[in-house]
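Numbering (the working numbering), first residue to last: 184 to 450.
Single-structure report; data block below.
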């Protein structure tokens, strides 16, 4: 089976060479037994233009019964090993100032238009982001403080989430809500946190200047961070305080890319 990823994942698509776990099951009726089973998961590798290819020697085929299949996917690879599990813990990285750590924190769930009938064309798998993306943009304000080497961190957040793999639902985790996440060591960047509510009066954003000075943004009201949303904070850094404006947008994909098929029975 060939599958393809939706765009808008890591920019316009998955970066080339990423690993995505694909879970395939035969689509059967309640009183019917499956005739074909598949390794769970099959780890596909992303290519250019949103394509994904199966592991060497692991090309799956449609069931000999003529039934269709159900296809689900998770990223990053290793986040889910059992689609039937419940309360699966997922933890974001504490320092997301590198691309690798940011991507390792970006939990995504993908589905095909299940059940998928026998076909020769590539099968679209559309992904959605399950956690919350926080984007911070800095500008120098009153007193013209230098932002060279500034470090931005999110404070008083919980790092873990509880995932139900079968439907991609995410609930708040059980960890303490007193952790911090490094967003960037420059004037702008993004980090990912699990769904949660941070209480009003909590320090949420810290900007540490290269000179050693630390400035804080305290939440004026409860802030609820939902999955699949982007929370943007535009911050003017003054010598003695921060001026913050914020907005919320959907964290969406831009469509599907096509992939190649390896024959009538392949996906």
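Here a beta-carbon is modelled for each residue, glycine too, at the ideal position from N, C-alpha and C.
All values reported here derive from a predicted model rather than from experimental measurement.
- In its chain, beyond the 5 residues on either side, 339 have a beta carbon closer than 7 angstroms to the beta carbon of residue 361.
- Put simply, the backbone Cα of residue 300 is about 49 angstroms away from that of residue 370.
- The three-state secondary structure of residue 231, taken from DSSP, is helix.
- By alpha-carbon distance to residue 252, the top candidate from 413, 259, 243 is 243.
- Residue burial annotation: residue 204 is buried, with at least 16 other C-beta atoms found within 10 angstroms of its C-beta.
- Per DSSP, reduced to three states, the secondary structure at residue 285 is helical.
- Excluding its 5 nearest sequence neighbours in each direction, residue 231 has C-beta neighbours in its own chain below 8 angstroms: 199, listed in chain order.
- Residue nearest to residue 353 within the set 247, 207, 272, 196 is 272 (criterion: CA-CA distance).
- If you compare the alpha carbons of 350, 387, 343, 328 with that of residue 378, the shortest gap goes to 343.
- By the beta-carbon neighbour count (other beta carbons within 10 angstroms, threshold 16), residue 303 is exposed.
- For the set 413, 421, 425, the Cα lying nearest the Cα of residue 402 is the one of 425.
- Residue 409 sits in coil when the DSSP states are folded into three classes, being neither helix nor strand.
- Comparing C-alpha distances from residue 197 to each of 364, 227, 240 shows the shortest one belongs to 227.
- Here the C-alpha atom of residue 225 lies approximately 14 angstroms from the C-alpha atom of residue 209.
- The alpha-carbon of residue 411 is positioned some 34 angstroms away from that of residue 217.
- Around the beta carbon of residue 317, 16 or more other beta carbons sit within 10 angstroms, so the residue counts as buried.
- When the Cα atoms are used, residue 381 and residue 288 turn out to be separated by approximately 19 angstroms.
- The C-beta distance from residue 268 to residue 328 rounds to 49 angstroms, too long to fall under 8 angstroms, and the pair is not in contact.
- Membership of residue 347 in the beta strand (DSSP E) is indicated by the continuous run 343–347.
- With at least 16 other beta carbons inside 10 angstroms of its own, residue 229 counts as buried.
- Secondary structure at residue 381: strand, using DSSP grouped into helix, strand and coil.
- Bridge partners of residue 291 according to DSSP: 258, 312.
- Taking the Cβ atoms as the reference, residue 405 lies roughly 17 angstroms from residue 430, outside the contact range of under 8 angstroms.
- Counting along the chain, residue 387 sits inside the beta strand (DSSP E) bounded by residues 386–391.
- The three-state secondary structure of residue 374, taken from DSSP, is strand.
- Excluding sequence positions up to five before and after residue 376, its CB lies within less than 8 angstroms of the CB of 275, 314, 315, 317, 337, 340, 341, 342, 364, 408, all in the same chain and listed in chain order.
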